[in-house]
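Under the working numbering, the first residue of the sequence shown carries the number 444, and numbering increases by one thereafter.
Glycine included, every Cβ here is placed at the ideal spot set by N, Cα and C.
Since we're looking at a predicted model, the values are computed, not measured.
Each remark here refers to the structure printed beneath this line.
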Amino acid sequence: MIMNDLAAPGLTVDKGLQALLDSVAQDPTGPLTVGVAGPAGHGKTALLAELERVHQRAGIAVRTAAPEPDEPVDPDTVVLVDDAHLLDDARIEALLRLVAGRRHRLVVAHRPWPRSAAFSELVDALRRDGQAVLLTPFTREQTAAYLAATPQLGRPADLVDFVHTQTAGVPRDVERLARGLAGADSRTGATVDPPRSVILEFAPDLDVQPTEVRRLLLAVAAGGALPVSMLGTLLGRDPAGVDELIATTRAAGLLGADGRLAPIVRRAVATLSPTTERTAVWRRLTELQLARGGAVLPLVRSLLAVGALGDCPPATLAAAADEALADEPAFAAELFAAATAAGGPPNARQALAAALAGDLDDALRLADRLLATAAPPDRSEAAVVAATALAHRGHVGRSVELFRWSGTASAAAFAIVGGLATGNLAATTESPAGDPAGEPPTLHASAARLMANGVRESVTGPPTAALSALVQAAALLEPDGRAALLPDSPAALAALTAVHCGELEIAERVLHRALGAGVGGPLMARRHRLLQAWILMVRGEIHAAGERLATVTLDGRQLESRDQLFAAAIRMGIGRRNSDLGALKRGWGQALEAVVRHPVDLFTVLPLGELAIAGARLGDLARLEPYLQQGRALLDRLGNPPLWSVPLHWCGLHAAILTGEPTVADEHVAALLAAAGHSRYAAVVAAAGESWVEVLRGVVDPIRVEATARGLHDTGLCWDGARLAGQAAIRTADRRAMTNLLECARALQGRPSGGPGAQTPTTGANTARVAGPTQHGLSDREYEVAELVLAGLTYREIGDRLFISAKTVEHHVARMRNRLNCANRTELLALLRTLVADRASDTAGQPWPQRASR
């Protein structure tokens, strides 16, 4: 019996088989005793056909059937036997006699299973007296060689990878897929699924298999690790019987040596098996797996893929949803919903999954329903879900009530955090010790406790204690925090605290680790990315901040109110630092809407301060003033903790500068100086604020300004440090001081000092603006020339400074005059003075009157 193992355009062999073929071709009459073993579809028939052609070309007779027991065989005839494992004992004995006589040349091909005692003796004799050949799947290189022999396909790398991965290198399946792809004209190799015509070719292979083998194939196709004991229960076999079925399936070329199905075979099994048989096997598998406490998610995925999820019991669906919760909360929510639709009871875990996925509408709807109808345990969990969702939407007061009502230790800690966020100083005396029932000290509960302690310390204690507690809380959640539902993450609060302390590197690291660990799931991922963008913006890495901000909304979901507020503040901060008045005007309406949507709390004071500067820049600060008053009142209720109040005074100072209110600016400076002893960051911004108002009054101490600017840079306020130096440079009458301060500003921005081919970097640390033309039509080089022209330097002096010729400087000035449409040099200088001042300092007011005394 000859099976068509490989009908290929050409035989693809490895070095061992090629050596055998070469040996026979060189001496067709030489000794030849070979046993060829391999599963179905591995090329046994193709090899025998090639050997037959070699001998026929040499004029040697070939016999392709095993002899009868007493039938004589001509020693000059080559005997080629395929599928010897199917022979009866009598024919096997006849072949044994030919091997033992050592006068005949023969090649015997067979599968590794089944193996009777007589057949095992024949295999041993072939190995002992001749040569044993084992056919294995193609390597990737052999798959590529086979495809190269198919003219319609060629061998593009992605096509080779696709075919080899789909077939696991089984030659029969490589041939089928190659033929199907050639018919589909897939020469580009951009393939996602095998053609249906190829899948249908597996039908005869599956139809001839015994029922137990088909059930085994369906079980393996369902996915997941299946122990022998479980397969035995499913198939009604003892362990030895299961092993026999596995061996039979491997010998049929359908199951790999590793016990897995190649993707194309798995698709064929799932597609071509009768629906009732497939559903029965997979449903029974889920029941068995659930009973033994094993993973059911892979099995449920398989049921979902073929549209049979409705046949799955509710308990199985709920168990699969729990398994998916950490990594795929949205999918978990779907599975929980399917479990409820299948007759399972409403489950607070569905609301939890929806919240983790960021679908707060569904989470609130489900949680509110459970609060009214569910049993006490589910009501408590539903309260936590609702409280968390409300916290993300700015309803912190109601969130605190629900956290307290739920009665768990974690919820009590979150209630303290929420209470402090709304300015309730009494929350500092509350204790998150735990519930009366003795809730276990899990990682989640411990992290919540540390989180509450950290926020408490940020209000009443030193910043180092607050930062330490919050960083520790963030670290506790990293091992298993994907399914942790959080009103705010300890990583986010640690980053906010670090930003308020000037410890931006700590903030970056804690956010990076939280994102890598997936703490809080998709719900918190946006918050973490927004804070990363904020840090980049503060550093002056404007381009990188914009790119990071863009990643926050890639999934197309609308931002919740807290995230929307931060995103609006970042957009306005980027526009301000780019001196892009158009962007500020376009974004102002959205920014005000974000402020209105999210009530002021402790953790949104930072973006509120940034928006205050933008509002002052636009001359529309009055519309934001009521919310600033709320922020100041909240801080008053908390005793004006320096950690949170210093950044608001820093922003208030710059808003006052822009609105031309020196008295207000002096008040903010006084507040900064009063808090200077709280931390290094507070001391730096206090000194910077004092220096800033002095510069605006025309008092420029270049040494002090440079030291203060570098101090700002060292605490992470890189753009602000460069801005202070630039503002001082354009307000000093000392040319040397002006030059030194401009150099300082460039250095703090990460810009080159000048020279041939020097350009402003577009990426990297401390980059304040991109190279090339700006919104005013001037390049960065032209701005450099403008700064030095305004400083009173001659063209030759400017050329020496920038390492260009005086003639080139003259050309730059001429181009600026044309681009800015200035009628004469006086008009050009006036306009350049405005543009340079706006670019360097974002402030172009007249010097302020001198202060009386401090």
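query	result
Beta-carbon gap between V1143 and V1112 smaller than 8 angstroms	no
Alpha helix (DSSP H) segment containing Q574, residue limits	Here Q574 belongs to no alpha helix (DSSP H); instead the beta strand (DSSP E) covers 574 to 577.
A856: first and last residue of the uninterrupted alpha helix (DSSP H) it sits in	852 to 864
Three-way DSSP call (helix, strand, coil) for L919 in this model	helix
Exposure label - D517; buried when at least 16 CB within 10 Å	exposed
With 16 other Cβ atoms within 10 Å as the buried cut-off, status of N1267	exposed
8 angstroms Cβ cutoff met for L813 and A832	no
Nearest to A1165 (by Cα), restricted to the options D686, R1179, A1131, A794	A1131
V995, DSSP secondary structure in three states	coil
One or two residues paired with L549 in a DSSP bridge	T476, V522
Among V576, R703, G999, P599, the one whose alpha carbon lies nearest that of T586	P599
G626 burial status per 10 Å Cβ neighbour count (16 or more: buried)	exposed
Spatial neighbours of A451 in its chain, beta-carbon cut-off 8 angstroms, leaving aside the 5 residues before and after	Legend: pLDDT at A451 = 39, less than 50; position of this residue unreliable, no value from coordinates given.
Terminal residues of the alpha helix (DSSP H) in which F779 lies	772 to 784
Whole-number beta carbon distance between L1086 and T907, since they are thought to touch under 8 angstroms	Between L1086 and T907 the Cβ distance is about 11 angstroms, and since that is not below 8 angstroms, they are no contact.
Beta-carbon proximity check, P933 vs A917, cutoff 8 angstroms	yes
Simplified DSSP state of G1207, which is helix, strand or coil	Unreliable positioning characterises G1207 in this predicted model, as indicated by a pLDDT of 34, which lies under 50. The coordinate reading is nonetheless provided below. Coil, per DSSP.
Helix, strand or coil at R506 according to DSSP, with G and I counted as helix	strand
Cβ contact (3+ pairs, closer than 8 angstroms) linking the region 922 to 933 and the region 945 to 963	yes
Complete alpha helix (DSSP H) runs within the region 694 to 749 (minimum length 4 residues, chain order)	706 to 715, 718 to 734, 740 to 748
Backbone secondary structure at P789 - three-state DSSP	coil
Nearest-angstrom Cβ-Cβ length linking W1093 and V1128, presumed shorter than 8 angstroms	5 angstroms
Residues of its chain near V1252, where Cβ-Cβ distance is below 7 angstroms and the 5 sequence neighbours each way are ignored	V1228, Y1238, I1241, G1242
Complete runs of the alpha helix (DSSP H) confined to the region 977 to 1034 [at least 4 residues]	985 to 994, 1004 to 1020
C-alpha gap between T722 and G753, whole angstroms	10 angstroms
With 16 other Cβ atoms within 10 Å as the buried cut-off, status of G786	exposed
Proximal residues to K487 (C-beta, below 7 angstroms), its chain only, five neighbours per side dropped	D448, V479, G481, D525, A552, L578
Proximity to F562 [Cα-Cα], best of L541, V576, R534	R534
DSSP state of E946 mapped onto helix, strand, coil	coil
Classification of L803 by the beta-carbon crowding that lies within 10 angstroms, buried from 16 upward	buried
Inter-residue spacing [alpha-carbon to alpha-carbon] between P1090 and I1013	15 angstroms
Simplified DSSP state of C1265, which is helix, strand or coil	coil
Whole runs of the beta strand (DSSP E) within the region 1044 to 1080, excluding any shorter than 3 residues	none
G1030 classed as buried or exposed, judged by whether at least 16 other C-beta atoms fall within 10 angstroms	buried
Expected contact under 8 angstroms - CB spacing of L799 and G964 to nearest Å	4 angstroms
6 angstroms Cβ shell around H887 - same chain, five flanking residues per side excluded	S853, A927
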